[in-house]
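Numbering (our numbering), first residue to last: 8 to 143.
The block underneath contains the structure these notes are about, expressed in structure tokens.
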Amino acid sequence: MPECIFCQIVEGRLPCARIYENERVLCFLDINPINPGHTLVIPKAHYATMLDITAEDMQACSLVTREVARAIFRATGAPGMNLLQNNFRPAGQHIDHIHFHLIPRRANDNFMTTWPARPADPSELETMLVKITAQM
Ligand code: 5GP
Ligand code: ZN
Numbered sequence: 008m009p010e011c012i013f014c015q016i017v018e019g020r021l022p023c024a025r026i027y028e029n030e031r032v033l034c035f036l037d038i039n040p041i042n043p044g045h046t047l048v049i050p051k052a053h054y055a056t057m058l059d060i061t062a063e064d065m066q067a068c069s070l071v072t073r074e075v076a077r078a079i080f081r082a083t084g085a086p087g088m089n090l091l092q093n094n095f096r097p098a099g100q101h102i103d104h105i106h107f108h109l110i111p112r113r114a115n116d117n118f119m120t121t122w123p124a125r126p127a128d129p130s131e132l133e134t135m136l137v138k139i140t141a142q143m
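Here it is, written out as structure tokens:
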């Protein structure tokens, strides 16, 4: 997958600020951080989205994400953190190699200031419950 930026980073053909790696996973600083310490966790193998990643690589990414999150908390002293993973363009995915954002957060840092939630109609919840469980 030579055209994938993150595959090129994994292969060492593009530079990155490498925080940690093991056989399956690589972590490096985001080049455009939302806050200092913003880190990306990726599987070394190429998968576009969460629909594609194997259970083994998902598990490996999850475990590393937890450990790196702990290090970022200690290193930055940030009082909060978001774990964010975007799939497809409508959800804000720009690099088609699955990645997990770890974003240290502080009060009033102006990230995600709105979250357009609204109370659901009970019938809407029931409709979605039936639709989704039918697909499990
Ligand atoms: P997405 O919008 O796909 O969820 O996030 C992609 C992230 O990758 C962005 O936060 C962007 O700043 C980061 N990014 C894009 N290109 C590079 C790069 O070449 N190096 C690093 N370290 N991060 C990158
Ligand atoms: Zn890739």
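Where a beta carbon is used, it is the ideal one built from N, C-alpha and C, also for glycine.
Near the ligand 5GP: residue i beta-carbon under 7 Å from a heavy atom
i, result
"N42", "no"
"N89", "no"
"H53", "no"
"L136", "no"
"N39", "yes"
DSSP state of residue i mapped onto helix, strand, coil
i, result
"F13", "helix"
"L58", "coil"
"L5", "This structure leaves residue 5 out entirely; the chain is present only between 8 and 143."
Rounded separation between residue i and residue j - CA only
i, j, result
"F13", "V32", "12 Å"
"T140", "L21", "43 Å"
"R112", "D59", "29 Å"
"L36", "N117", "20 Å"
Cβ-heavy atom distance, residue i to the ligand GDP, below 7 Å
i, result
"F35", "Summarising the ligand content, the structure contains the ligand 5GP and the ligand ZN and does not contain the ligand GDP."
Residues bridged to residue i [DSSP beta-bridge criterion]
i, result
"H108", "L47, L91"
"L33", "E28, I49"
The ligand ZN heavy atom lying under 7 Å from the CB of residue i
i, result
"F13", "yes"
"H104", "yes"
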